[in-house]
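Engineer: Input: one structure, supplied below.
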Amino acid sequence: MLGIAHQRILLALFKEGKPTHVRKLMEVAGIQYNIRYHIEVLQRLDLVDVKEDGYPRRKVITLTEKGMRVAKLLYEIESLLKRPCATPPTPCSSRGGGP
6 MLGIAHQRIL LALFKEGKPT HVRKLMEVAG IQYNIRYHIE VLQRLDLVDV KEDGYPRRKV
66 ITLTEKGMRV AKLLYEIESL LKRPCATPPT PCSSRGGGP
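Numbered according to my numbering, the sequence shown spans residues 6 to 104.
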């Protein structure tokens, strides 16, 4: 099961749409603490890849194919939850009238 922090990281990577440095990911996902631990968990689940980039060495995080599918589903769920609901039918209208 993915925790909130894991979901936020996956969504941030999905919305960025490109490999992202850990520091930028902290900013975009809004996670200040233990981000490296959360990234390790996602890596063990085969949802992200971690690569070292240039000098000074900085870690770059990308979604795997599996991670992309999971992140897309999370994004769709988030979009559905943000949509306004249609008004439900009134109870009396479905029963044919009053008392």
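Beta carbons: idealized from backbone N, C-alpha and C, even for Gly.
Rounded to whole angstroms, what's the CA-CA distance from residue 53 to residue 34? Just pull it up for me.
Structural biologist: Residue 53 sits at position 48 when you count from the first residue of the sequence shown. Residue 34 sits at position 29 when you count from the first residue of the sequence shown. Looking at the two C-alpha atoms, the distance is approximately 15 angstroms.
Engineer: Can you tell me whether residue 23 is helix, strand or coil according to DSSP?
Structural biologist: Stepping through the sequence shown from its first residue, residue 23 is reached at position 18. Three-state DSSP puts residue 23 in coil, outside helix and strand.
Engineer: State the DSSP-derived secondary structure class of residue 191, mapped to helix, strand or coil.
Structural biologist: Summary: the structure shown does not reach residue 191, with the chain confined to residues 6 through 104, and so no result is reported for it.
Engineer: Can you list the alpha helix (DSSP H) stretches of 4 or more residues lying completely in the stretch 34 to 85, in chain order?
Structural biologist: The qualifying runs are 40 to 49.
Engineer: Since residue 14 contacts residue 30 with CB under 8 angstroms, what's their CB separation in whole angstroms?
Structural biologist: As a working note, residue 14 is residue 9 in the sequence shown. As a working note, residue 30 is residue 25 in the sequence shown. The Cβ separation is near 7 angstroms, so the contact holds.
Engineer: When you compare each of 50, 49, 46 and 67 to residue 56 by their alpha carbons, which one comes out closest?
Structural biologist: Translated into positions along the sequence shown, residue 56 becomes position 51. Checking every option, the nearest Cα to that of residue 56 belongs to 67.
Engineer: If you draw a straight line from the C-alpha of residue 19 to the C-alpha of residue 61, how long is it?
Structural biologist: What you label residue 19 is simply residue 14 of the sequence shown in a count that begins at 1. What you label residue 61 is simply residue 56 of the sequence shown in a count that begins at 1. Approximately 25 angstroms between the Cα atoms of the pair.
Engineer: When burial is assigned at 16 or more other CB atoms within 10 Å of the CB, is residue 43 buried or exposed?
Structural biologist: The count along the sequence shown starts at 1 and reaches residue 43 at position 38. Per the 10 Å Cβ criterion, buried.
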